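According to the numbering used here, the residues represented by the sequence shown are 3 to 402, in order. Each residue gets a CB set at the ideal place from its N, CA and C atoms; glycine is no exception. All values derive from a computational prediction rather than experimental measurement. Structure first, commentary second.
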Amino acid sequence: MLKDLQWIEIKKEGYVYSYTKIGDSIVHVCNRGIVGNFDPDLHEGFMRQFVKETGIKPPYVEIRDLKNVQGRGTPRQLAQTKNYILKNQEHLAGFILFPMPFWLGSISRVGFKSHKVSTKFAACNNYEEAVLRAVDIIEDRLEKSGNEQDKSGELRFEQLEFRPEWQYEDPAKGFYYQSGVIPQKILYSQIRSQLLQSEDVKIAMDFLEQVFKDGVIKGSDYIRIVEYSDAKKSSLRIRRDYALALNRLNKKYDCQPRVTYICGASLFARSSLKLFSGFVNQKFCFVDSVSDAFAAINSQKRKETKDKVWIRVSQKDIDEINELCGRMIWPEEETEPMDLSPISKGNSLMELSETLTMVQKDLVGLRAIQAEQMKNIEQARKEAETASKAKGEFLANMSH
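In structure tokens, the structure reads:
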């Protein structure tokens with residue numbers, strides 16, 4: 003057991019937080035106060051820092067000691083705790099509460115089962131029972147992971163290591179960037195964002211670079227898996243900056259992904275990524291889920307690419323694509339509004355149409371920025387001429 007005084011009796015807003023390390027992979031959380039004053043977000047920050055500073059080895063178990071806690075949690079606190087477990091289940095092997103009422107244990111068990119998380123839940127009567135249960139959870143998870151790898155040699159999501167220093171989140175913006183690694187083999191990233199901003203990418207890249215700095219994929223031809231199911235919109239500039247950052251990291255740390263699996267990407271995201279596939283010198287494979295990516299990796303089978311499949315194209319399809327290309331270079335103010343995706347979803351040219359539509363939108367945005375810049379330049383020029391003329395008239399009057 004490791005007790006560090008800086009992590010004992012931390013008083014915040016009428017509530018006291020305390021953290022103790024047990025062995026290599028158990029955290030004993032012994033808080034004190036009225037549960038209504040407990041701040042789940044603050045606790046999550048404390049946990050992340052505690053795990054990092056004390057060298058807790060994932061997967062770890064969190065034991066919450068409730069004997070000095072009074073009252074009942076609010077619906078908001080319960081929702082935050084649920085999100086905390088869902089978000090951290092990759093490296094949180096177990097979540098144990100003690101002592102706790104029977105009704106609370108029953109509700110918790112139902113919640114864990116309904117969400118099908120990998121984190122194991124347990125309700126215990128005392129400290130000793132909780133520690134023994136935590137050890138069992140850790141051993142079971144490690145044994146299961148080891149057996150799966152030894153017996154089949156397959157790579158699995160559960161083998162990914164998620165170090166706290168590799169993770170970035172900004173709940174206020176709803177932006178999360180998570181990274182996990184199977185050393186020298188797989189680099190996994192998950193992006194969650196409604197609208198990706200330039201500053202978000204810049205900050206997230208610092209956390210991603212930490213993965214490279216730690217040497218877990220340095221000098222390797224690794225496989226990259228990126229989960230895009232919760233990534234919505236991003237601009238052309240952000241996509242370019244992201245691609246530049248990845249190229250820089252791979253070159254700096256002498257590694258290169260031989261294939262990248264894109265999971266759960268929308269049609270828009272697929273088109274966006276295809277535009278940059280040549281620039282980042284990567285082969286992209288699009289799959290529906292992360293489990294599909296691991297299945298493809300383990301089977302070493304690749305779906306037949308569409309450039310090897312013959313498709314039928316009508317003259318109408320060609321005309322519609324040509325019209326879309328024409329609108330890409332024609333001034334927007336001189337064209338009539340139209341459906342920017344004239345190709346039906348079942349058509350073989352749909353992805354090409356979506357790519358061109360996205361490029362057109364990017365060009366519209368770039369032209370709008372350029373027009374605004376030219377307007378500002380012209381305004382500055384006129385102001386400079388006015389100031390120069392006024393200065394000349396002033397000097398002329400002064401000379402008289």
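- Per DSSP, reduced to three states, the secondary structure at Glu15 is coil, with no helix or strand assignment.
- The residue from Val289, Thr388, Lys285 and Gln196 with its alpha-carbon nearest to that of Asp232 is Gln196.
- Fully enclosed beta strand (DSSP E) runs of no fewer than 3 residues occupy 225 to 235 of the stretch 208 to 247, in order along the chain.
- Going by beta carbons, Leu248 and Ile219 fall outside the 8 Å limit.
- In this structure, the straight-line span from the alpha carbon of Gln169 to that of Arg250 is close to 20 Å.
- Cβ atoms of Ile65 and Val29 come within 8 Å of each other, at about 7 Å.
- The C-alpha of Met102 lies about 7 Å from the C-alpha of Ala125.
- Asp67 sits buried, since 16 or more C-beta atoms from the chains shown fall within 10 Å of its C-beta.
- By the neighbour-count definition (other C-beta atoms within 10 Å, threshold 16), Lys253 is an exposed residue.
- With 16 or more neighbouring CB atoms inside 10 Å of its own CB, Ile139 falls in the buried class.
- Annotation for Gly182: the continuous beta strand (DSSP E) segment containing it runs Phe177 to Ile184.
- When DSSP states are grouped into helix, strand and coil, Tyr62 belongs to the strand group.
- Residues of the same chain with a CB within less than 7 Å of the CB of Tyr230, apart from the 5 flanking positions on each side, are Ile193, Ile264, Cys265, Gly266, Ala267 and Ala271 in chain order.
- In the three-state DSSP reduction, Gly38 falls in the helix class (H, G or I).
- A distance below 8 Å separates the beta carbons of Phe100 and Glu131.
- Nearest in C-alpha terms to Lys363, of all of Tyr255, Gly16, Pro259 and Arg239, is Arg239.
- Residue state for Tyr255 is assigned as coil, using DSSP reduced to three classes.
- Under the three-state reduction of DSSP, Ala174 is assigned to coil, being neither helix nor strand.
- By alpha-carbon distance to Pro42, the top candidate from Arg78, Gln51 and Gln72 is Arg78.
- Rounded to the nearest angstrom, the Cβ distance from Glu92 to Phe164 is 5 Å, consistent with a contact under 8 Å.
- DSSP places Phe114 in the helix class (H, G or I) of the three-state scheme.
- Sequence-distant Cβ neighbours of Val292 in its own chain, meaning closer than 7 Å and more than five residues away, are Phe159, Ile227, Glu229 and Cys265.
- Taking the C-beta atoms as reference points, Tyr244 is found nearer than 8 Å to Val203.
- Assignment of Ile10 by DSSP, reduced to helix, strand and coil, places it in the coil class.
- Residue range Ile188 to Leu197 is occupied by the beta strand (DSSP E) that includes Ser191.
- In this structure, the alpha-carbon of Met3 lies about 42 Å from that of Thr262.
- The beta carbons of Glu46 and Tyr86 sit about 6 Å from each other, so the pair counts as a contact at 8 Å.
- Around the Cβ of Leu198, a 10 Å sphere holds 16 or more other Cβ atoms; the residue is buried.
- Only residues of its own chain outside the window of five on either side were considered, and among them none has a CB closer than 8 Å to the CB of Asn399.
- Apart from sequence neighbours up to five positions away, the residues of its chain that approach Gly35 with a beta-carbon distance below 8 Å are Gly16, Tyr17, Val18, Asn70, Val71 and Gln72, ordered along the chain.
- Our two residues, Asp319 and Ser222, have alpha carbons roughly 44 Å apart in a direct line.
- In this structure, Lys54 sits away from Pro173, with a CB-CB distance that is not shorter than 8 Å.
- A direct Cα-Cα distance of roughly 45 Å separates Lys14 from Pro259.
- Look at Asp202 here: in three-state DSSP terms it is helix.
- Per DSSP, Ala81 is one residue of the alpha helix (DSSP H) stretching across Pro77 to Asn90.
- For Ala297, the enclosing alpha helix (DSSP H) begins and ends at Val292 to Ser301.
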